[in-house]
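Okay, so here's the structure we're looking at.
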Amino acid sequence: MQHNARRTVRRFAVAAMLTGLALAAAGCGDDDASTEQSTTTRSTTTRPTTTAPASATTSITPPTTTVEPPAPAPEPAAPAPAPQQAPAPQQAPAPQQAPAPQPAPQQAPTQQQAPAPQPEPPTLPDPGFEPRPGY
């Protein structure tokens, strides 16, 4: 499992390196530096610059890297011996005690039936209430 983890980390490292090289080659890596260069170049030049046709069509390609397959890890010849523990100092045996009595098993409490709910008396209208005519 370590072998696969190392391989994955290497792949990410190579991908990050290639991305960084591509950004540096394209000039997108440092915006502040490109701004300073362009302003100083404009103020110091007195004639327009021209580029040669060959350099205008040539693009910079990042170098390809070959990743060597990792060598297989050698298998251990024999398992490492277990560390030896020093013998514990002799202690006097503890006096025998009578086993503690076990508590009596508790029975589940008997369920009492809840008293039947008392029916509520019907609510009567207010004694001074008189319905309006027509209702």
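Heads up: the sequence shown runs through residues -24 to -1, 1 to 111, numbered per mature numbering (1 follows the signal peptide of the UniProt record, and there is no 0).
Here a beta-carbon is modelled for each residue, glycine too, at the ideal position from N, C-alpha and C.
For the alpha helix (DSSP H) holding residue i, just list the boundary residues, first then last.
i: Phe105; result: Taken as a continuous stretch (DSSP letters only), Phe105 belongs to no alpha helix (DSSP H), as it is neither H nor E.
i: Thr99; result: Segment: none, Thr99 is in no alpha helix (DSSP H) and carries neither H nor E.
i: Ala(-12); result: Gln(-23) to Ala2
Enumerate in chain order the residues of its own chain whose CB-to-CB distance from residue i is below 6 Å, with the five nearest sequence positions on each side excluded.
i: Ala(-1); result: none
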